[in-house]
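**Student:** The structure under discussion is supplied below as C-alpha coordinates; questions concerning it will follow.
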Amino acid sequence: MDNRPSILIVDDEPSNRSLARGIASAAGWRPDEAESGEAAVNAARAQAFTLILMDVQMPGIDGFAATRAIRAGDGPNASTPILAFTAVPPGDAIERGRAAGMDGHIAKPFTPETLLAAIDPWRPHGGPSPAAPLIAIFGEAEIAGLLARFRSQLVDALAADEPAAERRARAHKIAGISGTLGFVEVSQAWLAVSEGDESAWDGARIAARRAIRQIDTPAA
1 MDNRPSILIV DDEPSNRSLA RGIASAAGWR PDEAESGEAA VNAARAQAFT LILMDVQMPG
61 IDGFAATRAI RAGDGPNAST PILAFTAVPP GDAIERGRAA GMDGHIAKPF TPETLLAAID
121 PWRPHGGPSP AAPLIAIFGE AEIAGLLARF RSQLVDALAA DEPAAERRAR AHKIAGISGT
181 LGFVEVSQAW LAVSEGDESA WDGARIAARR AIRQIDTPAA
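With full-length UniProt numbering applied, the sequence shown corresponds to residues 1 to 220, in that order.
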(Lines of atoms letter the chains of each structure in order from A and count residues from 1; the text may use other names and numbers.)
(Lines give C-alpha, C1' and ligand atoms only; values in the text may rest on other atoms or scores of the structure.)
Protein backbone atom coordinates (compact mmCIF):
# COMPACT_ATOMS: atom_id res chain seq x y z
CA MET A 1 0.00 0.00 0.00
CA ASP A 2 1.34 3.44 -0.97
CA ASN A 3 1.14 5.59 2.17
CA ARG A 4 2.79 8.67 0.69
CA PRO A 5 0.75 11.91 0.87
CA SER A 6 -1.04 12.47 -2.44
CA ILE A 7 -0.85 15.62 -4.55
CA LEU A 8 -2.90 16.55 -7.62
CA ILE A 9 -0.98 18.78 -10.03
CA VAL A 10 -3.31 20.72 -12.32
CA ASP A 11 -1.79 22.55 -15.29
CA ASP A 12 -2.52 22.78 -19.01
CA GLU A 13 1.21 22.86 -19.77
CA PRO A 14 2.65 19.30 -19.83
CA SER A 15 6.18 20.47 -19.00
CA ASN A 16 5.02 22.18 -15.81
CA ARG A 17 3.15 19.06 -14.74
CA SER A 18 6.11 16.82 -15.51
CA LEU A 19 8.60 18.97 -13.60
CA ALA A 20 6.32 19.44 -10.60
CA ARG A 21 5.52 15.73 -10.58
CA GLY A 22 9.20 14.77 -10.53
CA ILE A 23 10.09 17.24 -7.79
CA ALA A 24 7.15 16.20 -5.59
CA SER A 25 7.77 12.49 -6.14
CA ALA A 26 11.45 12.81 -5.20
CA ALA A 27 10.36 14.56 -1.98
CA GLY A 28 8.11 11.68 -0.95
CA TRP A 29 4.75 12.72 -2.39
CA ARG A 30 2.50 10.54 -4.56
CA PRO A 31 1.64 12.79 -7.51
CA ASP A 32 -1.25 12.67 -9.94
CA GLU A 33 -1.99 15.04 -12.83
CA ALA A 34 -4.89 16.85 -14.47
CA GLU A 35 -4.52 18.83 -17.69
CA SER A 36 -7.56 21.09 -17.29
CA GLY A 37 -9.99 22.54 -14.78
CA GLU A 38 -12.65 20.05 -15.83
CA ALA A 39 -10.23 17.14 -15.40
CA ALA A 40 -9.26 18.47 -11.97
CA VAL A 41 -12.89 18.61 -10.82
CA ASN A 42 -13.47 15.05 -12.06
CA ALA A 43 -10.31 13.79 -10.33
CA ALA A 44 -11.27 15.55 -7.11
CA ARG A 45 -14.68 13.88 -7.18
CA ALA A 46 -13.13 10.44 -7.66
CA GLN A 47 -10.61 10.35 -4.81
CA ALA A 48 -9.25 12.32 -1.87
CA PHE A 49 -5.93 14.14 -2.16
CA THR A 50 -3.68 15.54 0.54
CA LEU A 51 -2.97 18.68 -1.51
CA ILE A 52 -4.00 20.19 -4.86
CA LEU A 53 -1.87 22.55 -6.97
CA MET A 54 -4.24 24.48 -9.22
CA ASP A 55 -3.19 26.36 -12.34
CA VAL A 56 -5.27 29.51 -12.75
CA GLN A 57 -5.27 30.35 -16.45
CA MET A 58 -6.64 27.34 -18.35
CA PRO A 59 -9.03 27.02 -21.29
CA GLY A 60 -12.62 26.27 -20.38
CA ILE A 61 -12.96 26.02 -16.61
CA ASP A 62 -10.22 28.15 -15.08
CA GLY A 63 -8.55 27.40 -11.78
CA PHE A 64 -10.79 29.67 -9.73
CA ALA A 65 -13.97 28.07 -11.10
CA ALA A 66 -12.51 24.58 -10.63
CA THR A 67 -11.67 25.40 -7.00
CA ARG A 68 -15.18 26.66 -6.32
CA ALA A 69 -16.58 23.46 -7.84
CA ILE A 70 -14.33 21.29 -5.66
CA ARG A 71 -15.26 23.27 -2.55
CA ALA A 72 -18.99 22.97 -3.26
CA GLY A 73 -20.88 20.20 -1.50
CA ASP A 74 -19.29 17.50 0.60
CA GLY A 75 -17.01 15.77 -1.90
CA PRO A 76 -13.77 14.07 -0.81
CA ASN A 77 -11.74 17.26 -1.40
CA ALA A 78 -14.15 19.92 -0.15
CA SER A 79 -11.66 20.75 2.62
CA THR A 80 -8.43 19.70 0.91
CA PRO A 81 -5.77 22.46 0.75
CA ILE A 82 -5.64 24.04 -2.74
CA LEU A 83 -2.75 26.29 -3.80
CA ALA A 84 -2.82 28.59 -6.82
CA PHE A 85 -0.09 27.44 -9.22
CA THR A 86 0.31 30.34 -11.59
CA ALA A 87 2.29 33.10 -13.26
CA VAL A 88 -0.50 35.60 -12.49
CA PRO A 89 0.90 38.41 -10.26
CA PRO A 90 0.65 37.31 -6.62
CA GLY A 91 -1.57 40.18 -5.46
CA ASP A 92 -4.33 39.37 -7.92
CA ALA A 93 -3.94 35.61 -7.67
CA ILE A 94 -3.95 35.60 -3.87
CA GLU A 95 -7.03 37.78 -3.48
CA ARG A 96 -9.06 36.02 -6.17
CA GLY A 97 -7.79 32.67 -4.95
CA ARG A 98 -8.89 33.30 -1.37
CA ALA A 99 -12.33 34.32 -2.62
CA ALA A 100 -12.56 31.03 -4.54
CA GLY A 101 -11.39 28.96 -1.57
CA MET A 102 -7.66 28.62 -2.24
CA ASP A 103 -5.16 28.51 0.61
CA GLY A 104 -1.96 29.90 -0.87
CA HIS A 105 0.09 30.63 -3.96
CA ILE A 106 3.03 29.10 -5.82
CA ALA A 107 4.53 31.40 -8.43
CA LYS A 108 5.65 30.23 -11.85
CA PRO A 109 8.34 29.96 -12.98
CA PHE A 110 9.26 27.76 -10.03
CA THR A 111 12.38 26.02 -8.77
CA PRO A 112 12.59 22.79 -6.77
CA GLU A 113 13.29 24.88 -3.69
CA THR A 114 10.28 27.21 -4.10
CA LEU A 115 7.91 24.36 -4.94
CA LEU A 116 8.98 22.26 -1.95
CA ALA A 117 8.86 25.25 0.39
CA ALA A 118 5.24 25.82 -0.64
CA ILE A 119 3.99 22.25 -0.38
CA ASP A 120 5.96 20.98 2.63
CA PRO A 121 3.82 22.78 5.26
CA TRP A 122 0.86 20.72 4.06
CA ARG A 123 2.57 17.36 4.55
CA PRO A 124 0.71 15.29 7.18
CA HIS A 125 2.66 14.78 10.37
CA GLY A 126 0.85 11.63 11.54
CA GLY A 127 0.78 10.61 15.17
CA PRO A 128 -2.13 10.39 17.59
CA SER A 129 -5.04 12.83 17.60
CA PRO A 130 -4.31 16.06 19.50
CA ALA A 131 -7.50 15.26 21.41
CA ALA A 132 -6.17 11.89 22.60
CA PRO A 133 -5.87 12.97 26.28
CA LEU A 134 -9.54 14.04 26.29
CA ILE A 135 -10.58 10.82 24.55
CA ALA A 136 -8.88 8.87 27.34
CA ILE A 137 -10.96 10.75 29.93
CA PHE A 138 -14.37 11.17 28.28
CA GLY A 139 -14.42 8.38 25.71
CA GLU A 140 -14.17 8.40 21.94
CA ALA A 141 -17.89 8.87 21.23
CA GLU A 142 -18.29 12.05 23.28
CA ILE A 143 -15.12 13.69 21.96
CA ALA A 144 -16.02 12.68 18.40
CA GLY A 145 -19.09 14.89 18.67
CA LEU A 146 -17.00 17.83 19.87
CA LEU A 147 -14.48 17.30 17.08
CA ALA A 148 -17.28 17.23 14.50
CA ARG A 149 -18.57 20.59 15.73
CA PHE A 150 -15.04 21.97 15.80
CA ARG A 151 -14.49 20.79 12.23
CA SER A 152 -17.65 22.59 11.14
CA GLN A 153 -16.41 25.78 12.82
CA LEU A 154 -13.15 25.59 10.89
CA VAL A 155 -14.86 24.90 7.56
CA ASP A 156 -17.24 27.83 8.09
CA ALA A 157 -14.37 30.15 9.07
CA LEU A 158 -12.34 29.25 6.01
CA ALA A 159 -15.31 29.85 3.71
CA ALA A 160 -16.48 33.09 5.34
CA ASP A 161 -16.04 36.39 3.53
CA GLU A 162 -16.54 38.85 6.36
CA PRO A 163 -15.23 42.17 7.71
CA ALA A 164 -12.06 42.11 9.77
CA ALA A 165 -13.89 42.77 13.05
CA GLU A 166 -16.18 39.77 12.54
CA ARG A 167 -13.26 37.59 11.54
CA ARG A 168 -11.39 38.55 14.72
CA ALA A 169 -14.42 37.65 16.83
CA ARG A 170 -14.78 34.29 15.09
CA ALA A 171 -11.03 33.66 15.41
CA HIS A 172 -11.20 34.32 19.16
CA LYS A 173 -13.79 31.54 19.59
CA ILE A 174 -11.79 29.13 17.45
CA ALA A 175 -8.58 29.89 19.36
CA GLY A 176 -10.30 28.97 22.61
CA ILE A 177 -11.97 25.71 21.64
CA SER A 178 -9.01 24.51 19.56
CA GLY A 179 -6.69 24.93 22.51
CA THR A 180 -9.07 23.03 24.79
CA LEU A 181 -9.26 20.17 22.26
CA GLY A 182 -5.47 20.00 22.02
CA PHE A 183 -4.95 21.64 18.61
CA VAL A 184 -2.20 23.95 19.81
CA GLU A 185 -1.06 25.07 16.34
CA VAL A 186 -4.60 26.13 15.46
CA SER A 187 -5.05 27.92 18.77
CA GLN A 188 -1.86 29.95 18.46
CA ALA A 189 -2.46 30.92 14.83
CA TRP A 190 -6.08 31.91 15.29
CA LEU A 191 -5.31 33.79 18.50
CA ALA A 192 -2.93 35.96 16.47
CA VAL A 193 -5.71 36.62 13.94
CA SER A 194 -8.12 37.47 16.76
CA GLU A 195 -5.63 40.07 18.00
CA GLY A 196 -5.60 41.79 14.62
CA ASP A 197 -2.46 40.31 13.08
CA GLU A 198 -3.58 39.94 9.45
CA SER A 199 -0.16 38.53 8.53
CA ALA A 200 -1.10 35.46 10.59
CA TRP A 201 -4.07 34.62 8.37
CA ASP A 202 -2.18 32.38 5.94
CA GLY A 203 -0.71 30.41 8.82
CA ALA A 204 -4.16 30.15 10.38
CA ARG A 205 -5.53 28.66 7.16
CA ILE A 206 -2.72 26.11 7.04
CA ALA A 207 -3.33 25.13 10.66
CA ALA A 208 -7.08 24.83 10.11
CA ARG A 209 -6.77 22.71 6.97
CA ARG A 210 -4.28 20.45 8.73
CA ALA A 211 -6.61 20.06 11.70
CA ILE A 212 -9.51 19.17 9.41
CA ARG A 213 -7.41 16.49 7.79
CA GLN A 214 -6.36 15.14 11.21
CA ILE A 215 -10.00 14.90 12.25
CA ASP A 216 -10.98 13.23 8.99
CA THR A 217 -8.11 10.74 8.98
CA PRO A 218 -7.17 9.89 12.58
CA ALA A 219 -4.06 7.82 13.14
CA ALA A 220 -4.60 4.08 13.38
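All C-beta atoms, glycine included, are put in the ideal place defined by N, C-alpha and C.
Quick check on Thr-111: buried or exposed, where buried means 16 or more other Cβ atoms within 10 Å of its Cβ?
**Tutor:** Residue numbering aside, residue 111 sits at position 111 when the sequence shown is read from its first letter. Flag for Thr-111 reads exposed.
**Student:** One question on the structure: do residue 245 and Phe-64 come within less than 8 angstroms of each other, judged by their Cβ atoms?
**Tutor:** As displayed, the chain neither begins before 1 nor continues past 220, which places residue 245 out of reach and without an answer.
**Student:** Locate the beta strand (DSSP E) running through Ala-86, then write down its first and last residues.
**Tutor:** Taking the first residue of the sequence shown as 1, we reach residue 86 at position 86. In the sequence on display, residue 86 carries Thr and not Ala. Here the beta strand (DSSP E) through Thr-86 covers 82 to 86.
**Student:** Considering only the beta carbon of each residue, do Thr-86 and Ile-52 sit closer than 8 angstroms?
**Tutor:** If you number the sequence shown from 1, residue 86 lands on position 86. If you number the sequence shown from 1, residue 52 lands on position 52. Result no, Cβ atoms of Thr-86 and Ile-52 do not sit closer than 8 angstroms.
**Student:** Please state whether DSSP places Pro-31 in a helix, a strand or coil.
**Tutor:** The residue you call residue 31 lines up with position 31 of the sequence shown. Strand, per DSSP.
**Student:** From what residue to what residue does the alpha helix (DSSP H) around His-172 run?
**Tutor:** The residue you call residue 172 lines up with position 172 of the sequence shown. First-last of the alpha helix (DSSP H) with His-172: 164 to 181.
**Student:** What distance in whole Å lies between the Cβ atoms of Met-54 and Ala-84, which are believed to be in contact at a cut-off of 8 angstroms?
**Tutor:** Counted from its first residue, the sequence shown places residue 84 at position 84. Counted from its first residue, the sequence shown places residue 54 at position 54. Right, the Cβ-Cβ distance comes to about 6 angstroms (below 8 angstroms), so this counts as a contact.
**Student:** Reducing DSSP to helix, strand and coil, say where Gly-104 ends up.
**Tutor:** For the purposes of this step, residue 104 is identified with residue 104 of the sequence shown, where counting begins at 1. The answer is strand: DSSP assigns Gly-104 an E or B state.
**Student:** Rounded to a whole number of angstroms, what is the C-alpha to C-alpha distance between Gly-139 and Val-10?
**Tutor:** On the sequence shown, position 139 is the one that residue 139 refers to. On the sequence shown, position 10 is the one that residue 10 refers to. Straight-line Cα distance between these residues: approximately 42 angstroms.
**Student:** Nearest to Ala-69 by alpha carbon, out of Gly-37, Ala-93, Ala-141?
**Tutor:** Walking along the sequence shown from the start, residue 69 turns up at place 69. Checking every option, the nearest Cα to that of Ala-69 belongs to Gly-37.
**Student:** Within a Cβ cutoff of 6 angstroms, which residues of the same chain sit near Gly-73, ignoring the five residues on either side of it in sequence?
**Tutor:** Here the question's residue 73 lines up with position 73 in the sequence shown. There are no such residues.
**Student:** Can Ala-46 and Leu-8 be called in contact, C-beta distance under 8 angstroms?
**Tutor:** Numbered from its first residue, the sequence shown carries residue 46 at position 46. Numbered from its first residue, the sequence shown carries residue 8 at position 8. Not in contact: Ala-46 and Leu-8 (Cβ atoms no closer than 8 angstroms).
**Student:** Which residues mark the beginning and the end of the alpha helix (DSSP H) in which Ser-187 is found?
**Tutor:** As a working mapping, residue 187 is identified with position 187 in the sequence shown. It spans 184 to 194 - the alpha helix (DSSP H) in which Ser-187 sits, taken as one unbroken run.
**Student:** Please look up how many angstroms separate the CB atoms of Ile-119 and Ala-24, rounded, as I've assumed it's under 8 angstroms.
**Tutor:** Within the sequence shown, the letter at position 119 stands for residue 119. Within the sequence shown, the letter at position 24 stands for residue 24. Correct: roughly 7 angstroms between the Cβ atoms.
**Student:** Can you give me the C-alpha to C-alpha distance between Glu-95 and Ala-136, rounded to a whole angstrom?
**Tutor:** As a position in the sequence shown, residue 95 is number 95, starting the count at 1. As a position in the sequence shown, residue 136 is number 136, starting the count at 1. Their Cα atoms are separated by approximately 42 angstroms.
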